[in-house]
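To keep things clear, I will list the structure first and then write my remarks on it.
Chains as they are written, first to last, in UniProt numbering: chain S, 1 to 321; chain Z, 1 to 321; chain R, 1 to 321.
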């Protein structure tokens, strides 16, 4: 393949793509080229926040213990500088800041970032509770270190608690990039808008969906495949800002594969929702909900040998973990 | 631990593994060492294609707006050079090119790559439609930027539309490496063979499986946990090339957890498939299919207080989103 | 924003976080700063092990075929050195080694690592069987190379077989970090404690959970969304070390979405478990278990037009793949 020939074909492809850019599609952002948030920088900020929150667990070659304070100081300054720049970039998207001069946007972005970083001790207090809930709830857990370094649930909760603090300060886009990063690592999709109480425990995790307007109380446990969702998107954008997702009160356990749907649905405190249950109405406090078992058919050598209901199998059958 | 001792044990392990390599297992590829595709290079090509497709969203330090054309030109030349090399490597696997001389393989690989890159404006047109479908369909979506930068569904569709163009040009292996990369990032497993129409929207995404011979029309929406699958692999390799996966016509919505199975199964246009429904036969156009509700049992203080069917709860109960 | 002002606020945030560190929370590991395992190093070890196990598939710029032995030797020495250091770090966590002097811990860690690396030929023999099972079982599979480079199931099994060898040698934490890395890449959550026989095949994979005390025989196939789990964690830490997960005998196929739960549950050899089945009691050998179909309701133009059971649809309906 001669270089010339490659050059000609590359040029032709270039021209066709440039012509396509001229069509001003919604997928282009040519006009404000420098003003998109940078996903890689946001992931780097997440990694630095992990080091601040779990000192000693996420390591750094440059980290020497006799310089611990100095190292922490560098991490904080770096997050402060880079996060406030990223917030300034996205704040154009936000009606509240729109039209203000660049200096004003930078000042507000900086103030939001300072306020966000001030929440870290509070976030650490919540995460300590989540860590204890995980150790208490999972017989396979051997140490705090194992949960911090290996459990996807704790990682997803950590990112959610951080992203939620930005979300409630009206930072657009960045909180969602943060939680979708956690989603890609863990399979756990918690919208940054979701409000989550103390001692929250997620086991296994893959396939969990928690919607934007969900409210979760203290000491709640959820397992893989649980959906805390909305009932229909047929309303599309008209439903924006409505409470579309359920409220889960304190001390509720939701076993794997259960779906709880709708903005007016409240699961009362101390309730237990069995595996695969499908709930669209409120449940009173202290209720155990189980689905009546499947009918199972057994065949051997082509002949049906038995038909049973799961409920006959075991009254605890709905605790899938 | 003395270095000598380490050396002796390392040598013994080395010898045992080399002896194992001599057994000529199917998991080795010693003979054509340089001729495997390189997964890292393919991921790098994906990242460059994202920059070409969504200009301004996936950034590059080197990217200056007054050099936009020059930057794009560099991206295209790089993809052209590296992708045609990767295709040449795998084309040995392909019966069609087998036995031709290396020069011929390189020429054909280059032509396939040029032809692939010529499809980018068409792919961008499709993706713009997908983007609009996402914004219209999801009340939690705030901007095009949020969808492009954070939504796993759009990422998976983008990779699928690219990989499919290579798949239909008979490029082996590389399309699947591309879609499995998207699968690892998103939990969405769309085979590159699947044919997907305009305005396709995937919400949440984790746990979706779309098989090789699936055909999807325009304006289709699917939610997390949906399987568009085959009925049985007991045929194994004998089923290769058969249509094993369903056809979904235009304007169909499939709610979360539903499974639609079998190569002869057609979901007629304008149909709605309720959450968790299990479909193995064709559905006529304009049909809403819902599963009759679960029987739920409520217990309080050890006593059964109520038994209800989900259908009594809410007639919209099957819209899980 | 003046640098001074930034300095003042950064200092204030630093002080509040340092004060929080003083509270001696369970999420801190300040005291033994150098003694945490390093997740990045463990992931690097996994990548090197992949190169040793699948020679020719995972490439390295430095890898020249006429230096293949030398390259392999470097990989082995590197894994030996780094893995034994990581094991020494975590072995403090392990009661067995606690209190021994550092030299003794290092010697034992080295011996465990040597013993682990000696298992590689045996692990490769198992993986070759897994590879054949995948090619035979999946009509979409085109070559061994495609399965090795693209199939998440084989990746998860590879990591599990490696991690299991460390787990049974009582190495804490590291095996779980390894399998959770595979979980984050694949959505397949197999605890390193699970015992898995020959010719194991996982298709699609996302959403699979296999618990710590699961035992799986030879020639077992499982599909996406399968849970081999426990019945309840209400026992929490009291259940540690109990057999809480099922036993799956030889030649069993488990279709997607099925849950098999409980430590005393045994699925007899040559059985087939249908999609979405929920099993909490043992199943005799040679049994095909299917759930009796859902009742489906069809509506057109607002009127119910049909009610059918899935079983009427197709007797093979439960094979979801």
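We put the beta carbon where it would ideally sit given N, CA and C, even for glycine.
Computed from a predicted model, the values in this text were never measured in an experiment.
- For the stretch 202-284 of chain S, the full-length beta strand (DSSP E) segments reaching 3 residues or more read 208-210, 221-223, 227-229, 259-261 along the chain.
- Here residue 222 of chain R has 202, 254 as same chain residues with Cβ atoms under 6 Å from its own Cβ, once five neighbours each way along the sequence are excluded.
- Secondary-structure assignment with DSSP links residue 195 of chain S through a beta bridge to S:215.
- Along the stretch 106-125 of chain R, there is no position whose C-beta sits under 7 Å from a C-beta of chain S.
- Here residue 200 of chain Z is near residue 157 of chain Z, since their CB atoms are less than 9 Å apart.
- Judged by beta-carbon spacing, residue 289 of chain S lies within the 9 Å limit of residue 298 of chain Z, meaning their Cβ atoms are closer than that value.
- Secondary structure of residue 188 of chain R (DSSP, three-state): strand.
- Identification of residues in the stretch 202-220 of chain Z having a C-beta nearer than 7 Å to some C-beta of chain S yields 204, 206, 207, given in sequence order.
- As the crow flies, the alpha-carbon of residue 245 of chain R is around 12 Å from that of residue 190 of chain R.
- It is roughly 17 Å from the alpha-carbon of residue 209 of chain R to the alpha-carbon of residue 209 of chain Z.
- Put simply, of Z:219, Z:230, Z:224 the residue whose alpha carbon is nearest the alpha carbon of residue 213 of chain Z is Z:230.
- Residue pairing by DSSP places residue 303 of chain R opposite R:300 in a beta bridge.
- The beta carbon of residue 276 of chain Z sits closer than 9 Å to some beta carbon of chain R.
- Straight across, the Cα-Cα distance linking residue 284 of chain R with residue 51 of chain R is about 42 Å.
- The three-state reading of DSSP puts residue 9 of chain R in helix, counting H, G and I together.
- Cβ-Cβ separation between residue 228 of chain S and residue 196 of chain S: approximately 11 Å, too far for a contact (criterion under 8 Å).
- Less than 9 Å separates the beta-carbon of residue 294 of chain S from that of residue 292 of chain R.
- Look at the beta carbons and you see the stretch 178-186 of chain Z touching the stretch 144-152 of chain R: at least three pairs across the two are nearer than 8 Å.
- At least 9 Å separates the beta-carbon of residue 277 of chain S from that of residue 14 of chain Z.
- Interface annotation, residue 104 of chain R: not in contact with chain S, CB-CB separation never under 9 Å.
- For residue 81 of chain R, same chain residues with a beta-carbon under 8 Å away, outside a window of 5 residues either side, do not exist.
- Annotation: residue 286 of chain S is outside any alpha helix (DSSP H) and is labelled neither H nor E by DSSP.
- The C-beta distance from residue 175 of chain R to residue 163 of chain R rounds to 4 Å, short enough to fall under 8 Å.
- Using beta-carbon distances, residue 180 of chain S does not count as an interface residue toward chain R, since no partner is under 9 Å.
- Residue 109 of chain Z carries a helical assignment under DSSP once its states are collapsed to helix, strand and coil.
- CA-to-CA, the gap between residue 43 of chain Z and residue 275 of chain S works out to about 38 Å.
- The Cβ-Cβ distance between residue 144 of chain Z and residue 26 of chain S falls below 9 Å.
- Sequence-distant Cβ neighbours of residue 141 of chain Z in its own chain, meaning closer than 7 Å and more than five residues away, are 134, 135, 147.
- Excluding the 5 residues flanking it on each side, residue 206 of chain R has same chain C-beta neighbours closer than 6 Å at 187, 224, in chain order.
- Burial is judged here by how many other beta carbons sit within 10 angstroms of a residue's own beta carbon; residue 137 of chain S has at least 16 and is buried.
- If you look at residue 132 of chain Z, you'll find it in the alpha helix (DSSP H) that goes 120-137.
- Nearest Cα to residue 55 of chain Z within the set S:70, S:46, S:38: S:38.
- Nothing from the stretch 126-146 of chain R brings a Cβ to less than 8 Å from some Cβ of chain S.
- The alpha-carbon separation between residue 10 of chain S and residue 89 of chain Z amounts to approximately 21 Å.
- In the structure shown, residue 172 of chain S adopts coil according to DSSP, grouped into three states.
- When only Cα atoms are considered, residue 76 of chain Z and residue 122 of chain S end up about 48 Å apart.
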